[in-house]
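Student: Have a look at this one before I ask anything.
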Amino acid sequence: MSKIGKFLNLKGFHPSNFRNQERVWQKENEQKKRRKLEDEREKELKKEADMQAYNRLQKQMGLKDDSLKDSVRFMYQAPQGADQAGGGNDSEDDAVKAFKRRMAERQGEKQQGQGPAPGEEGARG
3 MSKIGKFLNL KGFHPSNFRN QERVWQKENE QKKRRKLEDE REKELKKEAD MQAYNRLQKQ
63 MGLKDDSLKD SVRFMYQAPQ GADQAGGGND SEDDAVKAFK RRMAERQGEK QQGQGPAPGE
123 EGARG
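As numbered in our numbering, the sequence shown has no gaps in its residue numbers, which increase by one up to the final residue, 127.
Shown next as structure tokens:
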């Protein structure tokens with residue numbers, strides 16, 4: 003190879019430069035992955051559309067009723083104990099309430115017992 007060829011091979015824009023070949027390879031792999039994901043998404047969408055069309059046909063023919071929706075209706079309803087009348091947050095037990103009360107008392111003691119922070123008074127001046 004002549005001196006010019008070696009010189010061009012060192013340039014960033016030259017196609018035989020190893021870094022450029024690596025970048026091209028990475029971009030090609032990214033495109034392959036992207037295409038694969040798009041194909042999978044298209045297959046899923048087509049499958050869902052086919053299922054919806056099939057269910058619609060079954061419903062029109064009278065072979066399918068809405069009783070299947072009732073079998074999963076419980077997932078969209080509030081839990082049984084949620085509608086009971088109760089004051090405050092009943093999910094906390096007595097130990098949690100006692101801990102929170104002690105923490106609030108300690109915070110109050112710290113605020114009453116301390117004046118301004120040590121570096122705040124002399125900082126201005």
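We put the beta carbon where it would ideally sit given N, CA and C, even for glycine.
Nothing here was measured: the structure is a model prediction, and the numbers come from that model.
If we ignore side chains and look at the alpha-carbon of each, how far apart do R36 and M77 end up?
Tutor: As a position in the sequence shown, residue 36 is number 34, starting the count at 1. As a position in the sequence shown, residue 77 is number 75, starting the count at 1. Roughly 35 Å separates the two Cα atoms.
Student: Roughly how many angstroms lie between the CA atoms of N31 and F20, to the nearest whole one?
Tutor: Here residue 31 corresponds to residue number 29 of the sequence shown, with the count starting at 1. Here residue 20 corresponds to residue number 18 of the sequence shown, with the count starting at 1. In a straight line, the C-alpha of N31 is about 16 Å away from that of F20.
Student: Can you name the start and end residues of the alpha helix (DSSP H) that L47 belongs to?
Tutor: Translated into the one-based positions of the sequence shown, residue 47 becomes position 45. Note, L47: alpha helix (DSSP H), F20 to M63.
Student: Quick one: grab the DSSP three-state call for V74.
Tutor: Indexing the sequence shown from 1 puts residue 74 at position 72. Three-state DSSP puts V74 in coil, outside helix and strand.
Student: Quick check on the DSSP output: the alpha helix (DSSP H) that includes A106 runs from which residue to which?
Tutor: For the purposes of this step, residue 106 is taken as residue 104 along the sequence shown, with counting starting at 1. Residues D96 to G115.
Student: What's the gap between the Cα of Q114 and the Cα of R108?
Tutor: Residue mapping note: residue 114 aligns to position 112 of the sequence shown, counting from 1. Residue mapping note: residue 108 aligns to position 106 of the sequence shown, counting from 1. Straight-line Cα distance between these residues: approximately 10 Å.
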